[in-house]
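Down below is the structure, laid out as structure tokens.
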Amino acid sequence: MTTDEPFVDIPTDVPTSARIYAWNLGGKDNFEIDRQFALRNGPAFPETVDITRQNRLFLYRAVRYLAVEAGIRQFVDLGCGLPTENNVHQVAQRFAPDARVVYVDVDPIVAVHARALLADDDSTAFVTADMRDQEAIIEHPKFRRLIDLDEPVAVLFLSVGHHLPDADDPRRVLRAVIDRAPVNSHLVFTQVAYLNAERGAAMTELMNSAGIPWQTRSPAEIDALLDGFEPVAPGLGDVKEWRPDPDQPPLAPVPAELADYVGASERRKELIEYGGVLRKAD
Ligand SMILES: C[S@@+](CC[C@H](N)C(=O)[O-])C[C@H]1O[C@@H](n2cnc3c(N)ncnc32)[C@H](O)[C@@H]1O
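The sequence shown begins at 8 in the numbering used here and counts up by one.
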């Protein structure tokens, strides 16, 4: 694993998506401002803890599928988040030791922890970049060293679709790498989706007002964003229903402060983590 940032300035006066998300997973790399944001908004959006964790469990199953069943050996993980257990390269290399992974994130704290916590490994690299700037990522020397666009590649946008509002032309962002790659390449996409439009709009407003670019979408809007690809069975849907595996490795425990929210997604099915695995077909 290599990184390229000798020094970074970590903002502690605004919450960040990477740190809030990682706290829901039981991570320790967060600040008071992140915890306060999550606690203040927990009552309005109690499903967040469950759907964050369902997304991370889906990541394991999706990467395992790609390595074992789809034969993918190179992965680009955009908006990879803070390292935790079962990061993409660890899952991929458990099932395919020759797998290569390029991680990308825009949050400087991710770069710091990627350097400190992820394995130092010639087959893995971290690039600090804005995923909307796909040209810079594709031209980056680390990307060019590890990713061969003549071979099938998996491009992961896991729980980052909501960070790509329509104004940022998400269709272009999602397709930039895969359009250059051959058939049998795969796209993995998830984001927060609403089944209740009013609550979806409220979440969009809340996150944008906190300085986190966000667009909660309906399942139909996400299906439209992903048209042209072949969904891998069982197709696009609530990620907790994508090939569930009760024997997969568990996540770290939920922080005590968030424990009351566990199970909230069963009581109130209005916000879900929606997406799936898609194949580039002929
Ligand atoms: C909710 S976390 C998801 C982490 C990981 N992909 C997962 O599924 O476990 C979203 C991540 O996307 C990153 N992110 C948000 N906007 C981004 C952008 N424009 N470019 C790169 N990364 C971005 C955040 O910093 C954060 O780490």
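Glycine is no exception: its CB is placed at the ideal position from the N, C-alpha and C atoms. Note that this is a predicted model, so its numbers are computed, not measured.
Judged by pairs of C-beta atoms under 8 Å, the region 278 to 287 touches the region 195 to 202, as three or more such pairs exist. Ligand 1 never approaches Thr223 closely enough for any of its heavy atoms to be under 7 Å from the residue's Cβ. Under the DSSP definition of a beta bridge, Gly282 partners with Thr197, Gly244. Thr19 sits exposed, since fewer than 16 C-beta atoms from the chains shown fall within 10 Å of its C-beta. Below 8 Å, enough C-beta pairs join the region 23 to 38 and the region 51 to 62 to call them touching: three or more. Between ligand 1 and the CB of Tyr28, the shortest heavy atom gap is smaller than 7 Å. Around Gly168, the same chain offers Phe196, Gln198 as residues with beta carbons nearer than 6 Å, after the five sequence neighbours per side are excluded. With contacts defined by Cβ atoms closer than 8 Å, Ile116 and Ala25 form a contacting pair. The residue from Pro90, Arg71, Arg286, Thr91 with its alpha-carbon nearest to that of Asp186 is Arg286. Nearest to Leu243 by alpha-carbon distance, out of Ala227, Gln255, Asp254, is Ala227. DSSP, reduced to helix, strand and coil, places Gln222 outside both helices and strands of the structure shown, so it counts as coil.
In this structure, the alpha-carbon of Pro90 lies about 15 Å from that of Leu163. By the CB criterion at 8 Å, Phe44 and Ile27 fall inside the cutoff. Ranked by Cα distance from Arg139, the first of Arg152, Ala209, Arg47, His170 is His170. Leu232 and Arg178 have their alpha carbons spaced roughly 6 Å apart.
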